[in-house]
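See structure below.
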Amino acid sequence: MDAARSWATAVGIRDGRIVYVGSDSLPSGLVGSNTEVVDLGGKMVLPGFQDGHVHPISSGVDLGECGLDDLTTPVAIADSIRACARAQSDRPWIRGGGWQLPVFKDANPSKLLLDQAVPDRPAIFTAADGHSAWANSRALELAGVSSKTPDPPHGRIERDPRTGEPSGTLREDAIALVSRVVPPRTNAELSAGLDRAQKLANRFGITTVFNAATDEQSLRTFAEAERKGSLTLRVVAAIHLGDPLADSLLPKLTELRSRYTGPRLRPSAVKLFADGVIESRTAALLAPYLGRGGDAGKPVYDPAALKDLAVALDRDGFQIHVHAIGDRAVRMTLDAFAYARARNGAHDARHTITHLELIDSSDIPRFRALGAVANFQALWANGDEYLTELTEPALGARRSRWLYPIASVVLSGAVVSGGSDWSVSSLNPLEAIETGITHRPPGDDEQPAWNPAERVDLATMLAMYTINAAYANHLERETGSIEVGKLADLIVLDRNLFETPPEEIHTVRVVRTLLEGKTIFQQD
Ligand SMILES: [Zn+2]
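Throughout, this note's numbering is defined as the position within the sequence shown, counted from one, plus 379.
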């Protein structure tokens with residue numbers, strides 16, 4: 380993954396750094412009596428993967444709880460929740476997440492189904508995308524959410540159309556109406572979550588993560604792991620502290636950045652949400668959703684407020700990491716980056732927009748012009764029900780052409796990075812790499828490729844998960860390619876990806892992961 384995309388057959392490591400890259404005929408003096416020589420038998424070595432947008436701690440916590448991601452019917456979900464509740468008879472709240480929106484009609488599960496599964500205690504389950512939650516009657520009661528509760532400014536309480544009673548599903552900021560009465564996680568729960576997350580990440584060959592929304596408790600968890608020597612990931616973190624418009628917040632952000640920066644932990648970014656998601660009609664569009672009476676979704680910020688916020692964060696040296704899904708949210712965010720650049724002058728900010736589900740084609744050249752990074756979740760471009768049933772019908776064919784326009788943004792010359800958004804979707808980079816090439820679900824070689832014009836090739840996908848993500852993380856001088864002088868963050872794959880049919884890429888296994896030359900995962 381150097382600039383020339385060179386190939387080599389041997390690599391030498393000393394004191395955690397790469398000291399040789401070349402052929403098997405090593406220069407004399409390189410191998411001494413203490414050198415360990417490893418013959419990989421023709422397996423493939425790559426730089427460690429970097430995940431450009433992921434939620435490791437909360438997803439690791441979820442892994443240890445009631446996960447619903449793989450279930451495909453309401454009945455299976457209710458059965459699974461009932462079993463979880465029985466196994467957790469000592470807990471005052473039953474919680475979990477991962478339910479997939481297309482399982483329920485209009486992505487709108489009812490509290491009555493959850494009441495049957497958990498009749499005796501409050502229960503709340505977040506959707507796989509994190510933008511909806513499903514509460515039972517006890518939880519709604521405890522939170523005081525009733526037919527009289529108004530929708531919050533950036534959220535929606537789904538209701539029975541006749542009575543106005545909350546029906547059980549909460550969108551965006553309405554989730555907080557209930558989640559604020561749920562007991563907070565303990566530090567021990569978060570540490571256990573981080574341990575689970577880094578084991579899985581290292582197993583998938585991930586050596587660096589961009590933690591996409593980090594509160595102070597999570598920063599403390601990472602810092603504690605670093606202090607104990609148990610942090611096996613490099614972590615660049617985007618701090619997220621609720622509404623960043625509150626005046627007191629900027630000093631707090633700089634304070635957290637300086638307090639928690641360590642050798643492997645860098646809280647140098649700030650996370651903002653510009654809108655919601657298309658599936659629940661909370662993304663901000665330039666033109667209305669089809670069939671919703673002119674509703675185009677609302678951006679989270681007033682455009683002028685977003686600009687002022689970008690100026691302030693940019694001036695304080697933060698990398699701004701913005702969730703933008705609808706084409707209006709994307710445009711507003713690019714406008715805010717442009718405004719910050721005009722006010723503060725151009726510098727090496729590498730502000731990033733993540734998710735980028737729908738981009739108006741006229742905005743595509745602006746990423747490169749503004750030096751902004753485009754972070755895509757390529758696994759989402761797979762033609763599944765999220766797209767065919769919940770997204771394309773809301774946009775129509777003409778606009779749907781510009782869903783996940785990864786190839787167009789790559790061709791424009793912008794830096795494009797990859798990310799899983801785990802636990803929204805699989806943490807395994809090889810699944811996203813496959814889907815970016817095929818535009819089909821991993822392993823599928825039958826259904827026609829979805830939006831085929833926006834597919835990219837293997838080398839591009841690998842760059843998105845290595846050198847480009849390293850650039851987005853301001854780590855490209857130290858990581859992201861196998862070059863002399865860089866840190867030895869390396870992975871060994873059981874096969875050469877360039878000789879593997881695309882629909883088999885997700886079956887390739889990482890057999891060994893090294894962080895600074897030290898083995899942190901090895902397949903047994
Ligand atoms: Zn995310």
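The beta-carbon is built from N, C-alpha and C at its ideal position, and this holds for glycine as well. These figures come from a predicted structure and were not determined experimentally.
So the candidates are the options; which of them puts its Cα closest to the Cα of residue i?
i: G696; options: D681, N723, K686, Y718; result: N723
i: Q901; options: L872, V752, P881; result: L872
i: R396; options: K865, E878, R888, A506; result: K865
i: L450; options: G443, D458, E444; result: D458
i: S741; options: D485, H432, V788; result: V788
i: A576; options: A832, I436, L758; result: I436
i: E520; options: A832, L635, R535, R500; result: R500
i: R745; options: T770, L790, S779; result: L790
i: E544; options: R613, S526, S468; result: S526
i: G427; options: D903, F877, N847, E878; result: N847
i: L635; options: V400, G815, V649; result: V649
i: F483; options: R707, V679, A512, T712; result: A512
i: L598; options: A617, R582, F716, A580; result: A617
i: R638; options: A602, G672, L620, L665; result: A602
i: G896; options: V390, A382, A663; result: V390
i: T452; options: I473, P488, R465, N761; result: P488
i: G750; options: D714, L782, A760, N830; result: D714
i: Q467; options: A455, V454, V497; result: V497
i: D906; options: A838, I870, F877, E878; result: No information on residue 906 is available, as it lies outside the stretch 380 to 903 that the chain covers here.
i: R665; options: D594, R778, V524, K631; result: At residue 665 the sequence reads Leu, which differs from the Arg that was named. Checked all of D594, R778, V524, K631; the closest Cα to L665 is R778.
i: N830; options: A793, A776, K422, R874; result: A776
i: S647; options: V679, E658, A591, L405; result: A591
i: G762; options: I743, Y783, V752; result: Y783
i: V557; options: G534, L579, A828; result: G534
i: G621; options: G401, A555, A663; result: A555
i: G608; options: V524, G641, P880, E595; result: G641
i: M711; options: V454, L628, L651, L491; result: L651
i: A703; options: G670, N515, N875, I657; result: I657
i: F877; options: L628, V424, L405, R856; result: V424
i: R671; options: V679, A518, T661, Y680; result: T661
i: V615; options: C445, R645, D469, L491; result: R645
i: E862; options: Y399, T388, D394, T817; result: Y399
i: Q596; options: H619, L579, G401; result: H619
i: D403; options: W386, D394, L447, D594; result: W386
i: D836; options: Y718, M843, A842, I816; result: I816
i: T898; options: L735, T633, T611, D687; result: T611
i: N515; options: K578, R550, A506, A502; result: A502
i: I392; options: T879, D485, A717, D868; result: D868
i: G792; options: F504, P678, G673, A748; result: A748
Would you mind giving the Cβ-Cβ distance between residue i and residue j, rounded to the nearest angstrom? I have them listed as a contact below 8 angstroms.
i: A757; j: G797; result: 6 angstroms
i: T770; j: N754; result: So it is not a contact: roughly 19 angstroms between Cβ atoms.
i: G509; j: V803; result: 6 angstroms
i: A786; j: A708; result: Their Cβ separation, rounded to whole angstroms, is 21 angstroms, which puts A786 and A708 out of contact at 8 angstroms.
i: Y668; j: L480; result: The Cβ separation is near 15 angstroms, so there is no contact.
i: G439; j: L573; result: 6 angstroms
i: Q429; j: T814; result: Q429 to T814, Cβ: 18 angstroms. No contact.
i: R643; j: E605; result: 6 angstroms
i: V561; j: W472; result: 6 angstroms
i: V890; j: K422; result: 7 angstroms
i: R474; j: E444; result: 7 angstroms
i: V752; j: R729; result: 6 angstroms
i: T505; j: G476; result: 4 angstroms
Shorter than 7 angstroms from the beta carbon of residue i to some beta carbon of chain D?
i: A602; result: Looking for chain D here will not work: only one protein chain is present.
Closer than 6 angstroms to a non-hydrogen atom of ligand 2 - does that hold for the CB of residue i?
i: E857; result: With respect to ligand 2, the structure offers nothing, as its ligand set consists of ligand 1.
What does the shell around ligand 1 hold, if a residue joins when its beta-carbon is under 5 angstroms from any heavy atom? Proximity to ligand 1 was defined by a C-beta distance below 5 angstroms to any of its heavy atoms, and the residues meeting it, in sequence along the chain, are A591, D800.
Could you give the uninterrupted runs of the alpha helix (DSSP H) lying entirely in the segment 553-616, keeping only those of 4 residues or more? 554-558, 566-582, 595-607
Can you give, in chain order, each stretch of the alpha helix (DSSP H) that sits fully within the segment 758-845 and has at least 4 residues? 764-767, 771-774, 776-779, 785-790, 808-817, 837-844
Between the segment 852-862 and the segment 575-593, are three or more C-beta pairs nearer than 8 angstroms? yes
Can you confirm whether the segment 879-888 touches the segment 795-814 when touching is taken to mean that 3 or more C-beta pairs between the two stretches lie within less than 8 angstroms? yes
Does the segment 460-468 come close enough to the segment 419-435 that 3 or more CB-CB pairs lie under 8 angstroms? No, the segment 419-435 is not in contact with the segment 460-468.
So does the segment 403-420 actually touch the segment 560-569, counting three or more Cβ pairs closer than 8 angstroms? No: the two stretches stay apart, fewer than three of their Cβ pairs being nearer than 8 angstroms.
Length-filtered (4 minimum) alpha helix (DSSP H) runs lying within the segment 440-502: Runs found: 453-466, 490-496.
Are the segment 686-695 and the segment 531-543 in contact at 8 angstroms, needing three or more beta carbon pairs? no
Please give the ranges of any alpha helix (DSSP H) in the segment 499-524, keeping only runs that are unbroken, at least 4 residues long and fully inside the region. 516-521
Completely contained beta strand (DSSP E) runs for the segment 641-706, where each covers 3 or more residues: The qualifying runs are 644-652, 698-703.
Ordered list of beta strand (DSSP E) runs contained in the segment 873-900, each at least 3 residues: If one requires a minimum length of 3 residues, the beta strand (DSSP E) runs lying completely within the segment 873-900 are 889-894, in chain order.
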